[in-house]
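Q: There's a structure below that I have some questions on.
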């Protein structure tokens, strides 16, 4: 009976996973397939294969448009934001995890509050702040906002992960004369690679797809992000769906690539195991 119960539970688990995978993959499949159709073919057969196949949408994206520039802008601001988030969140998490005091718990709760309060609520105050700092219509003006968006989840995930690292490791290094910075760089950071990958992937999806703040702070054509540039393709009377779907398909490539790279790093970090026995 026990084996039958476990087998039945596994079947339900697989059915749920298959259903969830279908819900995720079907829209992605429709987007990619329709990006190779003409506009009329999309309306005639939105779920069928292209007949004939066309790459006009992709050619329009890379030639005679500003989308390569939008793409580069998104890569620069997203990469810089994730880098700063990982650096600041790992340092803060290490301090919170190893600093046993009521104040450290208060700081941790402060970051947790950022998970519950949407940052868009403060859009007006952020607009005033960015304007006073002279960062309006600048890509760098999005950096502090994106870092503030990613810090709560980064501190939460990394703090909980660092707390699972045996204190004996850092204590032994400290006895051997290692400084706190050296302990952080040579012991803590390598062990937190799985958590760092989780934070990076989560923030990549949120920041890469963000439209709200670029729409508020960016005005110049050359400083638009990719998602903001896509809005220019929606017309009042007609919409070039082939070009939109081609752009969105290209926009998913960095997310998928980083996920694949970070997934491998995640598995490697889990199997490395600094503590055995």
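In full-length UniProt numbering, the protein residues as written are 1 to 277. Quick reminder that beta carbons are idealized off the backbone N, C-alpha and C, glycines included.
#1: From which residue to which residue does the alpha helix (DSSP H) around residue 184 run?
#2: Residue 60 lies in the alpha helix (DSSP H); which residues open and close that run?
#3: Whole angstroms are fine: how far does the CA of residue 83 sit from the CA of residue 105?
#4: I'd like to know whether the C-beta atoms of residue 158 and residue 201 end up nearer to each other than 8 Å.
#5: Go through the region 88 to 125 residue by residue and report every complete run of the alpha helix (DSSP H) that reaches 4 residues or more, in order.
#6: What residue range is occupied by the uninterrupted alpha helix (DSSP H) comprising residue 168?
#7: State yes or no: is the C-beta of residue 32 nearer than 7 Å to some heavy atom of the ligand FAD?
#8: Following the continuous alpha helix (DSSP H) through residue 160, name the residue where it begins and the one where it ends.
#9: In whole angstroms, what is the alpha-carbon distance linking residue 136 and residue 130?
#10: Which of the three DSSP states is assigned to residue 270 in this structure?
#11: Between 161, 183 and 79, which lies nearest to residue 140 when the distance is taken from Cα to Cα?
#12: Do residue 89 and residue 199 come within 8 Å of each other at the CB atom, strictly closer than that value?
#13: Please report how far the alpha carbon of residue 121 lies from the alpha carbon of residue 152, in whole angstroms.
#14: So, for residue 71: in the same chain, excluding its five sequence neighbours on each side, which residues have a beta-carbon less than 6 Å away from its beta-carbon?
#15: Just the C-alpha distance for residue 114 and residue 161, rounded to the nearest angstrom, thanks.
#16: Can you find the residues in the same chain that come closer than 8 Å, C-beta to C-beta, to residue 38, ignoring five residues on each side of it along the sequence?
#17: What's the call for residue 134, buried or exposed, on a 16-neighbour Cβ count within 10 Å?
#18: What would DSSP say about residue 12, mapped onto helix, strand or coil?
#19: What separation, rounded to the nearest whole angstrom, lies between the Cα atoms of residue 251 and residue 221?
#20: What's the C-alpha gap between residue 218 and residue 230?
#21: In this structure, does DSSP put residue 198 in helix, strand or coil?
#22: Leaving out the 5 sequence neighbours to the left and right, which residues in its chain are closer than 8 Å to residue 214 when beta-carbon positions are compared?
#23: Hey, how far is the Cα of residue 67 from the Cα of residue 103?
#24: When we look at the beta-carbon of residue 61 and count the other beta-carbons within 10 Å, is it buried (16 or more) or exposed?
#25: Per DSSP, what kind of secondary structure is residue 47 in: helix, strand or coil?
#26: If distances are taken between C-alpha atoms only, which option among 41, 210 and 107 comes closest to residue 73?
A: Looking at the coordinates:
#1: Here residue 184 is taken as the residue at index 184 of the chain shown, counted from 1. From DSSP, residue 184 is part of no alpha helix (DSSP H); its letter is neither H nor E.
#2: The sequence position of residue 60 within the chain shown is 60, counting from 1. Note, residue 60: alpha helix (DSSP H), 56 to 62.
#3: Walking along the chain shown from the start, residue 105 turns up at place 105. Walking along the chain shown from the start, residue 83 turns up at place 83. The straight-line gap from Cα to Cα measures roughly 25 Å.
#4: For the purposes of this step, residue 158 is taken as residue 158 along the chain shown, with counting starting at 1. For the purposes of this step, residue 201 is taken as residue 201 along the chain shown, with counting starting at 1. Not in contact: residue 158 and residue 201 (Cβ atoms no closer than 8 Å).
#5: 102 to 116
#6: What you label residue 168 is simply residue 168 of the chain shown in a count that begins at 1. 167 to 175 is the extent of the alpha helix (DSSP H) around residue 168.
#7: The ligand FAD is not part of this structure, which contains no ligands at all.
#8: Here residue 160 refers to the residue found at position 160 of the chain shown. Residue 160 -> alpha helix (DSSP H) spans 142 to 162.
#9: On the chain shown, position 136 is the one that residue 136 refers to. On the chain shown, position 130 is the one that residue 130 refers to. One C-alpha to the other measures close to 6 Å.
#10: Residue mapping note: residue 270 aligns to position 270 of the chain shown, counting from 1. In this prediction, residue 270 scores a pLDDT of 46, lower than 50, which makes its location untrustworthy; the coordinate-derived value is nonetheless stated afterwards. Helix.
#11: Locating residue 140 in the chain shown gives position 140, counting from the first residue. Closest by alpha carbon: 79.
#12: Reading the chain shown from its first residue, position 199 is the one you call residue 199. Reading the chain shown from its first residue, position 89 is the one you call residue 89. Yes, they are a contact pair.
#13: In the chain shown, residue 121 corresponds to position 121, counting from 1. In the chain shown, residue 152 corresponds to position 152, counting from 1. For residue 121 and residue 152, the distance between alpha carbons rounds to 16 Å.
#14: Looking up residue 71 in the chain shown gives position 71. Excluding sequence neighbours, residue 71 sits near 226.
#15: Locating residue 114 in the chain shown gives position 114, counting from the first residue. Locating residue 161 in the chain shown gives position 161, counting from the first residue. Distance between the alpha carbons of residue 114 and residue 161 is about 19 Å.
#16: Working through the chain shown from its first residue, we reach residue 38 at position 38. Correct list, in chain order: 54, 56 and 242.
#17: Your numbering for residue 134 matches position 134 in the chain shown. So residue 134 ends up on the exposed side.
#18: Stepping through the chain shown from its first residue, residue 12 is reached at position 12. Residue 12 falls in the helix class under three-state DSSP.
#19: The residue given as residue 251 occupies position 251 in the chain shown. The residue given as residue 221 occupies position 221 in the chain shown. Their Cα atoms are separated by approximately 18 Å.
#20: For the purposes of this step, residue 218 is taken as the residue at position 218 of the chain shown. For the purposes of this step, residue 230 is taken as the residue at position 230 of the chain shown. For residue 218 and residue 230, the distance between alpha carbons rounds to 14 Å.
#21: On the chain shown, residue 198 is found 198 positions in, with the first residue counted as 1. Helix at residue 198.
#22: Taking the first residue of the chain shown as 1, we reach residue 214 at position 214. Answer for residue 214: 142, 224, 225, 227 and 228, listed in chain order.
#23: Indexing the chain shown from 1 puts residue 67 at position 67. Indexing the chain shown from 1 puts residue 103 at position 103. Going by the C-alpha atoms only, they are around 47 Å apart.
#24: The count along the chain shown starts at 1 and reaches residue 61 at position 61. Residue 61 is buried by the Cβ-count criterion.
#25: Position 47 of the chain shown, counting from 1, holds the residue named residue 47. It is coil, neither helix nor strand.
#26: For the purposes of this step, residue 73 is identified with residue 73 of the chain shown, where counting begins at 1. When each option's Cα is compared against that of residue 73, the closest is 210.
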